[in-house]
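Here is the structure we will look at, set down as structure tokens.
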């Protein structure tokens with residue numbers, strides 16, 4: 153073993169104990185003086201490791217997050233062919249088999265995999281030496297050039313253009329295309345520090361030659377696939393022409409960005425970097441927003457009803473939708489491969505402002521779908537935001553406080569409910585142990601966090617009352633517990649030594665045990681015991697265990713007592729005491745606020761909360777939009793069934 157600190161060895165290499173294991177273990181801890189963020193994000197790491205497993209055929213990679221139960225294994229014997237299948241999952245393929253080409257010259261190797269689906273979006277990912285070249289480069293240019301030339305020539309030669317008087321363009325052949333291009337070369341030349349674009353000029357010709365040759369050969373050998381691809385591209389060309397005509401009609405009606413829509417309340421500032429636009433749900437809230445805004449740099453565009461689902465609709469249908477046309481006109485970027493230009497964006501903050509109910513969430517999702525599918529650069533360049541209107545207003549006398557979430561409300565009630573109070577543990581009034589305000593507040597804060605984690609775990613396969621019993625039982629508080637020990641200790645923890653638990657089923661995510669309790673079979677997910685959340689539950693209980701001796705009583709500053717028979721009941725008494733003398737209003741719609749309230753809570757840069765929409769994983773984002781907003785019902789039903797218990801539904 154050898155330890156390094158900022159790249160410098162701290163000691164000589166030391167021999168360890170003998171072992172039959174082979175390989176290298178590297179432990180890396182981020183230096184807070186170098187890294188602004190030192191917390192590892194599981195999803196970001198998993199996405200990158202999945203990419204590497206696809207790009208390196210047969211490589212097996214495992215990632216495990218010891219903070220909780222997350223563990224994934226990536227192993228793809230099909231390489232980038234499986235990568236394309238993974239991206240196209242939940243999409244309807246135009247041709248069943250993924251087309252795969254490989255070749256090279258000297259030490260440079262090229263792999264290409266592609267498949268068309270019946271959608272309208274292009275998803276092409278390029279890599280050089282396993283590095284994701286997000287901005288493309290010479291390898292991507294060569295691929296696109298060859299693809300356009302080969303398909304256009306095939307369509308022309310085989311009569312697919314007889315009924316269409318135009319030509320098939322690069323945009324047409326990329327509609328509905330999913331492809332992965334991977335090149336390996338000894339001396340890559342990247343543009344910029346981020347290595348986002350490959351610059352080796354010789355790679356363009358090599359990729360172009362391989363794709364030209366292999367794709368033409370595939371079309372000769374498999375005319376059915378060739379016909380389906382050619383028809384798909386010709387249909388795209390016809391739709392492009394229809395969209396062009398729709399754009400011309402749009403211009404004639406004054407929606408081209410030069411004549412701004414009448415519903416838009418624009419601002420006086422001319423610098424796009426200082427301007428922001430709020431896309432507001434409904435005319436009522438739009439009216440309040442127009443009155444409450446800062447007219448110098450804040451524009452308001454009310455949107456009526458639900459916008460079209462851009463995941464299901466073809467481009468020309470999207471363009472014909474009235475609210476979308478208003479939006480395109482207001483933003484000024486144009487739309488479509490030929491016209492969209494993010495540099496023309498008139499506002500560098502585009503803020504979605506919808507109600508905090510189910511309809512508001514749906515409208516926000518539809519707008520996010522539109523931006524993801526048709527204005528993705530607005531997201532990538534950090535211009536899209538989600539406004540966070542408050543969920544509650546807590547009024548005490550003349551003082552008003554706005555709270556964004558349920559958790560914020562709990563925190564406020566905790567502070568108010570313990571102010572000047574004390575806690576009596578055990579005994580009757582005037583007896584028992586007394587805990588002062590500060591310690592009381594910490595106990596209740598721990599009890600709230602304990603309840604939050606316990607209730608989350610309860611949704612994943614263990615009743616809340618059982619979890620309370622488990623954390624009190626010492627043998628079930630260890631970090632690593634053997635399966636046999638678990639099965640023995642669970643009945644003891646529940647005070648049911650006569651009950652026998654046995655393994656019922658096992659998958660990667662669940663290890664279900666079953667036992668007959670009071671004549672009824674009960675199931676328990678044993679994997680919960682190895683999770684980070686269960687460990688956190690045990691840790692929190694250790695902090696409050698000494699005080700978990702009911703009955704309790706909250707003692708108010710005036711001596712009044714609020715009795716509680718349990719820890720959960722004590723939390724509720726604190727909340728009730730915090731509510732005394734207050735008025736709590738829950739907002740469901742932006743229209744419930746007057747202009748001043750809307751400004752104070754959601755629009756004032758000094759007091760508002762905005763969430764920037766980011767896209768760390770384009771493949772993952774594509775899959776989730778396809779699954780939730782696409783045509784196929786079954787994947788959406790499975791997603792809802794899997795995550796139903798995690799949902800917070802406001803009825």
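Numbering (this note's numbering), first residue to last: 153 to 803. Yeah, the Cβ is synthetic: ideal placement off N, Cα and C, and Gly gets one too.
With a threshold of 16 other CB atoms inside 10 Å of the CB of residue 410, please say whether the residue is buried or exposed.
In this prediction, residue 410 has a pLDDT of 46, which is less than 50 and means its spatial position is unreliable; what the coordinates show is noted afterwards. When all chains shown are included, residue 410 counts as exposed.
In chain order, what residues of the same chain lie with their CB nearer than 7 Å to the CB of residue 648, ignoring the 5 residues before and after it?
Cβ neighbours of residue 648 beyond the five flanking positions: 669.
Measuring CA to CA, which of 370, 262 and 574 is closest to residue 710?
Residue nearest to residue 710 within the set 370, 262 and 574 is 574 (criterion: CA-CA distance).
If distances are taken between C-alpha atoms only, which option among 435, 330 and 417 comes closest to residue 445?
Selected option, being the one with the closest Cα: 417.
Leaving out five residues on either side along the sequence, give the residues of the same chain with a beta carbon under 8 Å from the beta carbon of residue 886.
Nothing about residue 886 can be read from this structure; the chain reaches only from 153 to 803.
Output the boundary residues of the beta strand (DSSP E) element that contains residue 352.
Where residue 352 is concerned, there is no enclosing beta strand (DSSP E), given that its DSSP letter is neither H nor E.
Measure the CB-CB distance between residue 440 and residue 679 and report whether it falls below 9 Å.
Contact flag unset, no.
Indicate the three-state DSSP secondary structure (helix, strand or coil) for residue 109 in the structure shown.
Absent from the model: residue 109. The displayed extent of the chain is 153 to 803, so no value can be given.
Can you give me the Cβ contacts of residue 473 inside the same chain, cut-off strictly under 7 Å, excluding the 5 residues immediately before and after it?
Once the five neighbours on either side are set aside, the close Cβ partners of residue 473 are 459 and 460.
Measure from the alpha carbon of residue 533 to the alpha carbon of each residue in 620, 499 and 209, then state which is nearest.
Proximity to residue 533 across 620, 499 and 209 peaks at 499, based on C-alpha coordinates.
Mapping the DSSP letters down to three states, classify residue 167 as helix, strand or coil.
Coil at residue 167, not helix or strand.
Start and end residues, beta strand (DSSP E) containing residue 428
Going by DSSP, residue 428 is part of the beta strand (DSSP E) stretching over 428-433.
Simplified DSSP state of residue 679, which is helix, strand or coil
Reduced to three states, the DSSP call for residue 679 is helix.
Identify every residue that forms a DSSP beta bridge with residue 227.
In DSSP, residue 227 forms a bridge with 212.
In whole angstroms, what separates the C-alpha of residue 249 from that of residue 563?
Straight-line measurement puts the Cα of residue 563 at about 55 Å from the Cα of residue 249.
Locate the beta strand (DSSP E) running through residue 260, then write down its first and last residues.
Segment 260-268, the beta strand (DSSP E) holding residue 260.
Classify residue 165: buried if its beta carbon has 16 or more other beta carbons within 10 angstroms, exposed otherwise.
By the 10 Å Cβ count, residue 165 comes out exposed.
Can you name, in chain order, every residue of its own chain whose Cβ lies under 6 Å from the Cβ of residue 629, other than the five neighbours on each side?
Taken in chain order, the residues that qualify are 690.
Measure from the alpha carbon of residue 381 to the alpha carbon of each residue in 347, 434 and 327, then state which is nearest.
When each option's Cα is compared against that of residue 381, the closest is 327.
Do the stretch 183-201 and the stretch 640-657 touch if we need at least three Cβ pairs shorter than 8 Å?
When C-beta atoms of the stretch 183-201 are compared with those of the stretch 640-657, fewer than three pairs fall below 8 Å, so the two segments do not count as touching.
If I measure Cβ to Cβ from residue 654 and keep anything under 8 Å in the same chain, skipping five residues before and after, which residues do I get?
Correct list, in chain order: 639, 665, 666 and 667.
Beta strand (DSSP E) containing residue 255: first to last residue?
251-257 is the extent of the beta strand (DSSP E) around residue 255.
So the beta strand (DSSP E) residue 547 belongs to, where does it begin and stop?
Unbroken beta strand (DSSP E) run through residue 547: 544-548.
Does the ligand MN have a heavy atom nearer than 8 Å to the CB of residue 619?
Looking for the ligand MN in the displayed structure turns up nothing, as the structure carries no ligands at all.
Going by DSSP, name the residue or residues bridged to residue 715.
Answer is 705, bridged to residue 715.
Per DSSP, what kind of secondary structure is residue 619 in: helix, strand or coil?
Correct three-state label for residue 619: helix.
Cβ distance (whole Å) where residue 413 is taken to contact residue 478 below 8 Å:
The C-beta separation of residue 413 from residue 478 comes to about 5 Å, placing the pair in contact by the 8 Å criterion.
Within 10 angstroms of the Cβ of residue 192, are there 16 or more other Cβ atoms? Answer buried if so, exposed if not.
With fewer than 16 other Cβ atoms inside 10 Å of its own Cβ, residue 192 counts as exposed.
Roughly how many angstroms lie between the CA atoms of residue 388 and residue 288, to the nearest whole one?
Roughly 23 Å between the two C-alpha positions.
Would DSSP call residue 646 helix, strand or coil?
It is coil, neither helix nor strand.
Residue 807 by DSSP, collapsed to three states: which one?
Past the boundaries of the shown model lies residue 807; the chain is included only from 153 to 803, so the question cannot be answered.
Indicate the three-state DSSP secondary structure (helix, strand or coil) for residue 746 in the structure shown.
When DSSP states are grouped into helix, strand and coil, residue 746 belongs to the coil group.
Tell me where the beta strand (DSSP E) around residue 539 begins and ends.
Its beta strand (DSSP E) spans residues 536-539.
Residues near residue 792 in its chain [Cβ-Cβ closer than 8 Å; skip 5 each side]:
Residues of the same chain with their beta carbon placed closer than 8 Å to that of residue 792 are lacking, with the five preceding and five following residues left out of the count.
Among all the DSSP beta bridges, which residues are the ones paired with residue 501?
Secondary-structure assignment with DSSP links residue 501 through a beta bridge to 428.
Hey, how far is the Cα of residue 280 from the Cα of residue 233?
Answer to the nearest angstrom: the Cα atoms are 17 Å apart.
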